[in-house]
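Peer 1: Provided herewith is a single structure, encoded as structure tokens, for subsequent inquiry.
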């Protein structure tokens, strides 16, 4: 474990957990996106009803939501690594870290809103 100082805050960090999250999320993204593109090439979505029907199938919805969550994890681990590696040397680490943390919260709220919208669309489609 190493101790990293970021804008006056000392944190004990281990790169192994972040490395594992980054690699597993990259693997999931590398498997999901070509598979989804191939499926959409074979079964094109030509209408809104077909799109909702495809998304309402659990075999498509669950991996899609999982991959979206892993995409956010992958992004955050990458941003966090850049912050810890490069910003302390610049001197404004604390402010940028705070701003990017607020940005991550906003992205989380947007993701929650999109999930709510998706759930609403799926419930309307089942009526």
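In my numbering, the protein residues as written are 12 to 138.
Where is the CB? At the ideal position from N, CA and C, for every residue including glycine.
If distances are taken between C-alpha atoms only, which option among 29, 33 and 79 comes closest to residue 125?
Peer 2: Residue 125 has its Cα closest to that of 79, out of 29, 33 and 79.
Peer 1: Quick one: grab the DSSP three-state call for residue 54.
Peer 2: coil
Peer 1: For residue 117, does the count of other Cβ atoms within 10 angstroms reach 16, so buried, or fall short, so exposed?
Peer 2: exposed
Peer 1: What's the call for residue 88, buried or exposed, on a 16-neighbour Cβ count within 10 Å?
Peer 2: Around the Cβ of residue 88, a 10 Å sphere holds 16 or more other Cβ atoms; the residue is buried.
Peer 1: Can you say whether residue 86 is buried or exposed, counting buried as having 16 or more other CB atoms within 10 angstroms of its CB?
Peer 2: exposed
Peer 1: Look at the alpha carbon of residue 76 and the alpha carbon of residue 105, and state the distance between them as a whole number of angstroms.
Peer 2: 32 angstroms
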